[in-house]
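Residue 207 is where the sequence shown starts when you use the working numbering, and the numbers rise one by one after that. Beta carbons are placed, not taken as given, at the ideal position from N, Cα and C, and that holds for glycine. Just so you know, these numbers come straight off a predicted model, no measurement behind them. Taking it in order: structure first as structure tokens, then the write-up.
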Amino acid sequence: MNFDIQHIRSQFPILNREVNGNPLIYMDNAATSQKPKMVLDAIENYYEKFNANVHRGIHTISQEATVMMENAREKVRNFINAKHAHEIIFTKGTTEGINLVAHVLREVLKPGDEIITTEIEHHSNIVPWQMLCERTGAKLKYIPLDENGRLQVEKLDELLTEKTKLVTVNQISNALGVINPIEEIIAKAHQAGAWVLIDGAQSIPHTKVDVQELDADFFIFSGHKMYAPTGTGILYGKEEILNKLPPFHGGGEMIKEVWMDHSTYAGLPFKFEAGTPHIEGNIVFETAIDFINEIGIENIHQHENHLVEYTTEKLSELEEVIIYGKTLPRSGAVSFNLNLQGVHPSDVGMILDKKGIAVRTGHHCAQPIMRHFGIPGTVRVSFAVFNTKVEIDQMIAGVKLAIKMLG
Ligand code: PMP
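Here it is, written out as structure tokens:
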């Protein structure tokens, strides 16, 4: 294995900066990851040498840009082991991917149909389904959480009916870092004849994903959480399902022919990619995957798991700290609070920021989870490949300082 943490860190220029007089310790990767130099260079390279619109140019650089973007699609296909490159749809991110599916299902769902989501979702895997249900008269149901933050998957059997059209769940919770049993959920949903949509926003940066092995019908994620530029994302869908669905936006690129009174639509993947895409971002997606592949997703997984274990161990030594989902399998993030009267998670976040430590505080776009625990929010530390135990020690020192100041 070639896991040289100092070499990895040297590839992230932002780690050289100071925040409030201290070296930056960036532990907000679940919100967005930092970008390695090869990604930053690839952005510049694209604009300096290849900037042109794709798919419609006869001229050389347009064709070059098109080849680069389609190579990136192939790289994503390979990364998640999809069967076909045309099952990979470029989007703006997880939110757009989920909304795309929810939008096109307006034409498929009927009143009385059912969708099942869960209590552990990001708002972007709840609100689009509420909107879809409002439009179609379909019903939204939830797999509930237990007191530890575990999804009560055993309740799925009673929730599933012959009317269930879709079951959706995240693979890893952004708010708690808890790994959900998606294999079991996929198997049960398929037995009941429902499609399954996996929100992979927090799993794809940390774990190996094989969509064919998972047998997910849709698998959706963002590029910016896996070292690629913001405004990029992927909707993977099985070919036979995507082919059954109507297009999303209307416009250029997604048509075969346009007449005054009607249009015919392009095939996959262009049917879902109207308009000029985020060409630079999509092309550079390939470089972000190259970065991950050079280190190896399994090595990244192992390294980040050690960081989660170490953080849990160190925080557990502090009696004022409550860790959410502590007893459950977790990856990428640790979510906690100080059990001190009148102390808000943002108080802790502000003290850590004074030490140059970037963490996220609040409800993490997952209000139902916070309501479940009866809290306004949590402090969340979330890791990437460049984080170290030394940084965790400094974060723990910051938490101890917060306990002293706020206690
Ligand atoms: N789902 C999960 C689990 C997430 O963590 C996030 C981002 N925090 C999203 C969806 C939304 O992703 P984006 O903001 O990139 O669209």
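Nearest candidate by alpha-carbon position, reference residue 453, set 473, 440, 434: For the purposes of this step, residue 453 is taken as the residue at position 247 of the sequence shown. The shortest C-alpha separation from residue 453 is found at 473.
Which first and last residues belong to the beta strand (DSSP E) in which residue 539 is found? Within the sequence shown, the letter at position 333 stands for residue 539. Note, residue 539: beta strand (DSSP E), 539-544.
If we count the other Cβ atoms within 10 Å of its Cβ and call it buried at 16 or more, is residue 240 buried or exposed? On the sequence shown, residue 240 is found 34 positions in, with the first residue counted as 1. It counts as buried.
Which partner residues of residue 527 appear in the DSSP bridge assignment? Your numbering for residue 527 matches position 321 in the sequence shown. According to DSSP, which records beta bridges pairwise, residue 527 is partnered with 544.
I'd like to confirm something about residue 588: is its beta-carbon nearer than 6 Å to some heavy atom of the ligand PMP, or not? Locating residue 588 in the sequence shown gives position 382, where the first residue counts as 1. Because no heavy atom of the ligand PMP lies under 6 Å away, the Cβ of residue 588 does not count as near it: no.
Residue burial classification, residue 447 (beta-carbon count within 10 angstroms, cutoff 16): The residue labelled residue 447 in the question sits at position 241 within the sequence shown. Exposed, because fewer than 16 other Cβ atoms sit within 10 Å of the Cβ of residue 447.
Is residue 376 near the ligand PMP, in the sense that its beta carbon is under 6 Å from a heavy atom of that ligand? Numbered from its first residue, the sequence shown carries residue 376 at position 170. Correct: residue 376 has its Cβ closer than 6 Å to the ligand PMP.
Let's test the definition: count the other Cβ atoms within 10 Å of the Cβ of residue 477 and tell me whether it reaches 16, buried, or not, exposed. By 1-based counting over the sequence shown, the position of residue 477 is 271. With 16 or more Cβ atoms within 10 Å of its Cβ, residue 477 is classed as buried.
Starting from the N-terminal side, write out each stretch of the alpha helix (DSSP H) that is 4 residues or longer and does not extend beyond the segment 405-475. 417-420, 445-450
Separation of residue 486 from residue 436, as counted between CA atoms: In the sequence shown, the residue the question calls residue 436 occupies position 230. In the sequence shown, the residue the question calls residue 486 occupies position 280. Separation of residue 436 and residue 486 (C-alpha to C-alpha, rounded to the nearest whole angstrom) is 11 Å.
If residue 442 sits next to residue 293, beta carbons under 8 Å apart, how far is it from one beta carbon to the other, in whole angstroms? The residue labelled residue 442 in the question sits at position 236 within the sequence shown. The residue labelled residue 293 in the question sits at position 87 within the sequence shown. Going by Cβ atoms, the distance from residue 442 to residue 293 rounds to 6 Å, so yes, they are a contact pair.
Bounding residues of the alpha helix (DSSP H) (the contiguous stretch that carries residue 487): Numbered from its first residue, the sequence shown carries residue 487 at position 281. Residue 487 -> alpha helix (DSSP H) spans 485-501.
Check each candidate in 558, 610, 567, 578 and name the one with the smallest Cα separation from residue 600. One-based indexing of the sequence shown puts residue 600 at position 394. Comparing Cα positions, the closest option is 558.
Alpha carbon to alpha carbon, how far is residue 497 from residue 282? Reading the sequence shown from its first residue, position 291 is the one you call residue 497. Reading the sequence shown from its first residue, position 76 is the one you call residue 282. When rounded, the separation of the alpha-carbon atoms in residue 497 and residue 282 is 13 Å.
Can you grab the Cα-Cα spacing for the pair residue 207 / residue 347, in whole Å? Indexing the sequence shown from 1 puts residue 207 at position 1. Indexing the sequence shown from 1 puts residue 347 at position 141. Reliability of the predicted coordinates at residue 207 is poor, the pLDDT of 48 falling under 50, and the value obtained from them is presented with this limitation in mind. Counting only the Cα atoms, residue 347 lies some 45 Å from residue 207.
Proximal residues to residue 580 (C-beta, below 6 Å), its chain only, five neighbours per side dropped: Here the question's residue 580 lines up with position 374 in the sequence shown. Here the set comprises nothing.
I'd like to confirm the pairing. Which residues does DSSP put opposite residue 401 in its beta bridges? Sequence index remark: in the sequence shown, residue 401 carries index 195 (1-based). BP columns for residue 401 point to 372.
For residue 320, which residues does DSSP report across the bridge? Counted from its first residue, the sequence shown places residue 320 at position 114. Answer is 345, 370, bridged to residue 320.
Near the ligand PMP: residue 301 beta-carbon under 6 Å from a heavy atom: As a working mapping, residue 301 is identified with position 95 in the sequence shown. Residue 301 Cβ: within cutoff of the ligand PMP.
Is it buried or exposed, residue 219, if we count other Cβ atoms within 10 angstroms and call 16 or more buried? Translated into the one-based positions of the sequence shown, residue 219 becomes position 13. Residue 219 should be labelled exposed.
Taking Cβ to Cβ, would you say residue 396 is nearer than 7 Å to residue 537? In the sequence shown, residue 396 corresponds to position 190, counting from 1. In the sequence shown, residue 537 corresponds to position 331, counting from 1. It is not a contact, given that the beta carbons lie outside the stated cut-off.
Rounded to the nearest angstrom, how far is the Cβ of residue 539 from that of residue 383, given a contact under 8 Å? By 1-based counting over the sequence shown, the position of residue 539 is 333. By 1-based counting over the sequence shown, the position of residue 383 is 177. About 3 Å; that satisfies the 8 Å criterion.
From 568, 609, 562, pick the residue whose C-alpha is nearest to that of residue 227; which is it? Walking along the sequence shown from the start, residue 227 turns up at place 21. Closest option to residue 227, Cα to Cα, is 562.
Starting from the C-beta of residue 520, find all residues in its chain whose C-beta is less than 8 Å away, skip the five residues before and the five after it, and write them out in chain order. Translated into positions along the sequence shown, residue 520 becomes position 314. Excluding residues within five positions, the ones whose Cβ falls inside 8 Å are 598, 599, 602.
Ordered along the chain, which non-local residues of its own chain (more than five positions away) have a Cβ less than 6 Å from that of residue 416? Locating residue 416 in the sequence shown gives position 210, where the first residue counts as 1. Cβ contact annotation for residue 416 (same chain, cutoff 6 Å, sequence separation greater than five): 287, in chain order.
Hey, how far is the Cα of residue 510 from the Cα of residue 465? By one-based count along the sequence shown, residue 510 stands at place 304. By one-based count along the sequence shown, residue 465 stands at place 259. Each residue's Cα considered, the two are about 54 Å apart.
Taking 8 Å as the limit between beta carbons, can you name the residues of its chain near residue 363, skipping five residues before and five after? Within the sequence shown, numbered from 1, the residue matching residue 363 stands at position 157. Result list for residue 363: 394, in chain order.
Work out the CA separation of residue 514 and residue 594 for me, nearest whole Å. Locating residue 594 in the sequence shown gives position 388, where the first residue counts as 1. Locating residue 514 in the sequence shown gives position 308, where the first residue counts as 1. Those two C-alpha atoms are separated by around 11 Å.
Reduced DSSP category for residue 378 - H, G, I as helix; E, B as strand; rest coil: Residue numbering aside, residue 378 sits at position 172 when the sequence shown is read from its first letter. Note: residue 378 maps to strand in three-state DSSP.
Where does residue 331 sit, in a helix, a strand or coil, going by DSSP? Here residue 331 is taken as the residue at index 125 of the sequence shown, counted from 1. Helix.
Please state whether DSSP places residue 276 in a helix, a strand or coil. The count along the sequence shown starts at 1 and reaches residue 276 at position 70. Residue 276 falls in the helix class under three-state DSSP.
Assign residue 431 to one of two classes, buried (16 or more other C-beta atoms within 10 Å of its C-beta) or exposed (fewer than that). Here residue 431 is taken as the residue at index 225 of the sequence shown, counted from 1. With 16 or more other CB atoms across the displayed protein chains lying within 10 angstroms of its CB, residue 431 is buried.
Give the DSSP-derived three-state secondary structure of residue 228 in the structure shown. Residue 228 sits at position 22 when you count from the first residue of the sequence shown. It is a strand residue.
Please confirm if residue 417 has its CB atom under 7 Å from at least one CB of chain B. Checking the listed chains, one finds no chain B in this structure; it contains a single protein chain.
Return helix, strand or coil for residue 592, following the three-state DSSP convention. As a first step, residue 592 is located in the sequence shown; it is residue number 386 there, counting from the start. Coil, per DSSP.
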